[in-house]
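Trainee: Below is a structure I'd like to ask you about.
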Amino acid sequence: DAKTTQPNSMESNEEEPVHLPCNHSTISGTDYIHWYRQLPSQGPEYVIHGLTSNVNNRMASLAIAEDRKSSTLILHRATLRDAAVYYCILRRGTSYGKLTFGQGTILTVHP
Amino acid sequence: SAVISQKPSRDICQRGTSLTIQCQVDSQVTMMFWYRQQPGQSLTLIATANQGSEATYESGFVIDKFPISRPNLTFSTLTVSNMSPEDSSIYLCSVLLGQGTGGANVLTFGAGSRLTVL
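Chains as they are written, first to last, in this note's numbering: chain A, -4 to 106; chain B, 11 to 128.
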């Protein structure tokens, strides 16, 4: 599986935007870029995913570089509830439930 | 989306014993998965629980240690056998649903079962 690289930790202030980067230089053409987050004492939850184009949903936006070798998860206005570990994962189109989780980015949100 | 219930939510177990974790889903799903999260670590897939056939295990995980049942489309169990302190982890059940744009499938996870082996 192609590997992703994320910063170990990031900090933000409440109500400010947060940009969480992810590098995936060995991504293949059939790899989807998925983001999950894990809040304390909970299982991971799906945030967003994309293939080539930028994506928006009610939780976040995903900006994908033109060469697809990097992406950025954007939380438009961070809240204290957004404090979590954020995982950037490459999912091959045929891999179904097998997600290879890296160490993720620990996001701390300050009031 | 699906709602996943796991039991027990946590337990403390003695070395050498076995514990069965239950995963109940509120809708029928074809694919269910069991993950492990060791203390301070990320998640690792243990196996895919297939309804009507044996589970498919990932490298490093074997059926004798982690037997899995999948009697129907809403339920699965994972047993951690002959436990040692190294088995202290959070065990998570997940299901595959079609969600999101473009129809790409995503996983929904249960809250996990935290096992501590003494």
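The beta-carbon is built from N, C-alpha and C at its ideal position, and this holds for glycine as well.
1. Count the other C-beta atoms from every protein chain shown that fall within 10 angstroms of the C-beta of B:GLN24, then say buried if there are 16 or more, exposed otherwise.
2. In chain order, what residues of the same chain have a beta carbon less than 6 Å from the beta carbon of B:VAL90, not counting five sequence neighbours either side?
3. Can you check whether the CB of A:CYS83 is closer than 8 Å to the CB of A:GLN33?
4. Where does A:ASP26 sit, in a helix, a strand or coil, going by DSSP?
5. Can you tell me which residues form a DSSP beta bridge with B:GLY26?
6. Out of A:LEU75, A:ILE43, A:ALA79, which one is the CA nearest neighbour of A:LEU85?
7. Label B:GLN16 either buried or exposed according to how many other C-beta atoms from any shown protein chain fall within 10 Å of its C-beta, with 16 as the threshold for buried.
8. If I measure Cβ to Cβ from A:SER20 and keep anything under 7 Å in the same chain, skipping five residues before and after, which residues do I get?
9. Comparing the C-beta of B:LEU125 with each C-beta of chain A, is any distance below 8 Å?
10. Helix, strand or coil for A:LEU75? Go by DSSP, reduced to three states.
11. Can you look up B:ASP97 in the DSSP assignment and give me helix, strand or coil?
12. Over what stretch of residues does the beta strand (DSSP E) that includes B:VAL116 continue unbroken?
13. Could you give the uninterrupted runs of the beta strand (DSSP E) lying entirely in the segment 40 to 99 of chain B, keeping only those of 3 residues or more?
Mentor: A quick look at the data gives this:
1. Under a 10 Å Cβ-count criterion, B:GLN24 is classified as exposed, with fewer than 16 other Cβ atoms of the shown protein chains found around its own Cβ.
2. Excluding sequence neighbours, B:VAL90 sits near LEU29, ASP97.
3. No, the Cβ-Cβ distance between A:GLN33 and A:CYS83 is not below 8 Å.
4. In the structure shown, A:ASP26 falls within a strand segment according to DSSP collapsed to helix, strand and coil.
5. In DSSP, B:GLY26 forms no bridge with anything.
6. Of the candidates A:LEU75, A:ILE43, A:ALA79, the one whose C-alpha sits nearest the C-alpha of A:LEU85 is A:ILE43.
7. Buried, since its Cβ has 16 or more Cβ neighbours within 10 Å.
8. Within its own chain, the residues whose Cβ lies closer than 7 Å to the Cβ of A:SER20, once the five positions on either side in sequence are excluded, are LYS64, listed in chain order.
9. Not flagged as an interface residue toward chain A: B:LEU125, since no C-beta distance is shorter than 8 Å.
10. When secondary structure is reduced to three states using DSSP, A:LEU75 falls in the helix class.
11. If DSSP states are grouped into helix, strand and coil, B:ASP97 belongs with the helices.
12. Element bounds for B:VAL116: 115 to 119.
13. Runs found: 41 to 47, 53 to 60, 78 to 82, 85 to 90.
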